[in-house]
Amino acid sequence: MNHELATALNQIIAQATPATAEQSIEDAFATLLAGTTPQPAPRHPVRCPVTGGVYAFVATAEEAQAWNDRLAA
Numbered sequence: 023m024n025h026e027l028a029t030a031l032n033q034i035i036a037q038a039t040p041a042t043a044e045q046s047i048e049d050a051f052a053t054l055l056a057g058t059t060p061q062p063a064p065r066h067p068v069r070c071p072v073t074g075g076v077y078a079f080v081a082t083a084e085e086a087q088a089w090n091d092r093l094a095a
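Here it is, written out as structure tokens:
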């Protein structure tokens with residue numbers, strides 16, 4: 023009886039699909055971010071024409087100049 027049970031159990035184990043290893047946190051994060059492109063932080067200041075303080079930051083110098091021109095008008 024024990025031999026038959028062991029044989030049946032071995033057959034079940036042999037037919038079972040092997041378990042896949044769990045995905046690492048690095049791989050999961052890379053999969054999550056796949057296809058995304060990080061945007062650079064805005065670096066060019068837009069200044070208040072009255073106080074000279076920084077009003078906002080924009081991505082390009084041209085955009086900052088356009089903002090500054092509009093605020094000064």
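Numbering (this note's numbering), first residue to last: 23 to 95.
Heads up, the beta-carbon is just placed ideally off N, CA and C, and yes, glycines get one too.
It should be emphasised that the depicted structure is a prediction, and the values quoted were computed from it without experimental measurement.
Residue 30 sits in a helix when the DSSP states are folded into three classes.
When DSSP reads this structure, residue 66 sits in a beta bridge with 80.
Distances from the CA of residue 70 to each of 89, 64, 62 and 57 were compared; the closest alpha carbon is that of 89. Taken through DSSP and simplified to helix, strand or coil, residue 48 comes out as helix. Taking residue 45 as the centre and dropping the five residues before and after it, the same chain places the C-beta of 53 closer than 8 angstroms to its C-beta, in chain order.
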